Amino acid sequence: MENALLLCVFMSHWHFLNALFTVDVPQPQYIVEYGSNVTMECRFRVNGQLKLHDLSVIWEKKEEHTKEVYKLHKGKENFNNQHSSYAGRVKLFKDKLQFGQSMLQVTNVKPTDAGTYLCLIGYEGADYKTITLQVKAPYRNITKRTVIVQRTAVHNEWELTCQSKGYPKAEIIWHNGEHQDFSDKANTSYETGTDQLYSVTSVLKTNTSINETFHCIFWNKEFKENTSAILIIPGNPPNQHCGGRRDLGWQEPTARSARCCSGIPTAGSSQPGSLR
Ligand SMILES: *[C@@H]1O[C@H](CO)[C@@H](O)[C@H](O)[C@H]1NC(C)=O
Ligand SMILES: *[C@@H]1O[C@H](CO)[C@@H](O)[C@H](O)[C@H]1NC(C)=O
Ligand SMILES: *[C@@H]1O[C@H](CO)[C@@H](O)[C@H](O)[C@H]1NC(C)=O
Ligand SMILES: *[C@@H]1O[C@H](CO)[C@@H](O)[C@H](O)[C@H]1NC(C)=O
Ligand SMILES: *[C@@H]1O[C@H](CO)[C@@H](O)[C@H](O)[C@H]1NC(C)=O
Ligand SMILES: *[C@@H]1O[C@H](CO)[C@@H](O)[C@H](O)[C@H]1NC(C)=O
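Numbering (mature numbering (1 follows the signal peptide of the UniProt record, and there is no 0)) for the sequence shown: -19 to -1, 1 to 257.
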């Protein structure tokens, strides 16, 4: 509000001096990965030497209650009203002002930084433009698990799990090697942590046989991005020696599980109670 007022003051003050003063944005939209840095830019015209004490620059985030991100008032930086969520995370490249560039760096970008930003400039007139910032965290690291739940003569019942973290919320699609859709049969849960990311866990219970493959796809609709993992139903279902739950344990994204409980016999292994 205060800055809107300031803009009004800029406007009325400079209105008759220079109605043609404009702010431009070379890039109206930025898509940034979680945890990285972004430098947003808007431009204004400087004729000759910059008169810094005549320059005011304000960056704010448009929300129900506008958040002040950065303020330079008549050449002097002022952090008094800066919103706490930006404290220590923003920097204006002052050496660029002489070229008419208002370049604001935001470090360690978080999902809550996403939204619309206003770049206001008061110089030989006043104007502002908006820039949108989108934040994404791809679901790159998918942890998978295959657990046998029940043995039957033909098809054992398996519980397949895929888990990953990202932003925004992803939809989980399951299909088998024949591209049959199993998504309806899966149970997907979402949790958010202090890092503002979604921790997504999807569990599919299915009766299936050795060497069948299943794919879990993390579908990030907003960014039209998919990441996926393949789960292969192992042969030699694990024995009970490793514990009643016959858990294969969490598998690393790339490595096939080859631990005690995997049921994959390793050379020279002769544990008592080994399967068959
Ligand atoms: C982000 O900027 C900070 C401060 O300038 C720097 O220390 C850090 O290495 C940068 N991070 C990335 C991912 O570029
Ligand atoms: C992948 O996720 C697992 C489990 O959450 C974690 O232990 C591992 O360090 C992660 N790997 C990478 C490369 O982030
Ligand atoms: C999904 O998981 C929840 C919580 O574990 C459980 O209450 C619910 O019955 C499950 N739904 C299905 C279809 O398995
Ligand atoms: C698997 O088959 C068993 C026995 O036919 C049945 O009781 C169970 O409900 C099936 N499980 C699933 C997930 O379809
Ligand atoms: C499963 O695949 C392995 C390796 O490709 C193969 O040796 C084995 O015969 C297959 N088992 C069945 C039951 O298809
Ligand atoms: C992602 O996967 C979904 C579901 O399988 C599909 O509908 C969509 O077209 C895929 N999008 C991309 C960009 O691959």
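All residues carry an ideal CB built from backbone N, CA and C; glycine is no exception. What you are looking at is a predicted structure, and each value in this text was computed from that prediction instead of being measured.
Residue i, buried or exposed, once every other Cβ within 10 Å from all chains shown has been counted against 16
{"i": "residue 94", "result": "buried"}
{"i": "residue 183", "result": "buried"}
{"i": "residue 201", "result": "buried"}
{"i": "residue 38", "result": "buried"}
{"i": "residue 195", "result": "buried"}
{"i": "residue 134", "result": "exposed"}
{"i": "residue 97", "result": "exposed"}
{"i": "residue 24", "result": "buried"}
{"i": "residue 2", "result": "buried"}
Residue i versus the options, residue with shortest Cα-Cα distance
{"i": "residue 16", "options": "39, 73, 148", "result": "148"}
{"i": "residue 198", "options": "212, 190, 186, 45", "result": "212"}
{"i": "residue 58", "options": "35, 43, 45", "result": "35"}
{"i": "residue 71", "options": "137, 209, 87, 60", "result": "87"}
{"i": "residue 52", "options": "44, 120, 64, 45", "result": "64"}
{"i": "residue 216", "options": "165, 128, 66, 167", "result": "128"}
{"i": "residue 207", "options": "123, 180, 132, 139", "result": "123"}
{"i": "residue 146", "options": "121, 159, 158, 167", "result": "121"}
{"i": "residue 171", "options": "165, 193, 143", "result": "143"}
{"i": "residue 55", "options": "209, 46, 118, 78", "result": "78"}
{"i": "residue 204", "options": "117, 45, 75", "result": "117"}
{"i": "residue 101", "options": "68, 41, 92", "result": "41"}
Bridge-paired residues (DSSP) for residue i
{"i": "residue 186", "result": "140"}
{"i": "residue 3", "result": "None, per the DSSP bridge assignment."}
{"i": "residue 196", "result": "156, 211"}
{"i": "residue 42", "result": "48, 98"}
{"i": "residue 126", "result": "142"}
{"i": "residue 206", "result": "201"}
{"i": "residue 24", "result": "5, 82"}
{"i": "residue 72", "result": "86"}
{"i": "residue 34", "result": "Bridge partners of residue 34: none, in fact."}
{"i": "residue 64", "result": "None; residue 64 has no bridge partner."}
{"i": "residue 17", "result": "Beta-bridge pairing links residue 17 to no other residue."}
{"i": "residue 167", "result": "185"}
{"i": "residue 11", "result": "114"}
Distance between beta carbons of residue j and residue i, contact taken as under 8 angstroms
{"i": "residue 153", "j": "residue 169", "result": "5 angstroms"}
{"i": "residue 6", "j": "residue 114", "result": "So it is not a contact: roughly 12 angstroms between Cβ atoms."}
{"i": "residue 188", "j": "residue 136", "result": "4 angstroms"}
{"i": "residue 178", "j": "residue 163", "result": "Residue 178 to residue 163, Cβ: 26 angstroms. No contact."}
{"i": "residue 43", "j": "residue 99", "result": "6 angstroms"}
Item to complete: Can you list the residues near ligand 5, meaning Cβ strictly closer than 6 angstroms to any non-hydrogen atom, in the order they appear in the chain?
Response: 191, 192, 216
Item to complete: Go through the residues and name those whose CB comes closer than 6 angstroms to any heavy atom of ligand 4, in chain order.
Response: Residues with a Cβ closer than 6 angstroms to any heavy atom of ligand 4, in chain order: 133, 138, 186, 187, 188.
Worksheet item: Relative to ligand 1, what is the chain-ordered list of residues with a Cβ closer than 6 angstroms to any of its non-hydrogen atoms?
Response: 17, 18, 88
Worksheet entry | Neighbouring residues (CB closer than 7 angstroms to any heavy atom of ligand 6) | 154, 198, 200, 205, 206, 207
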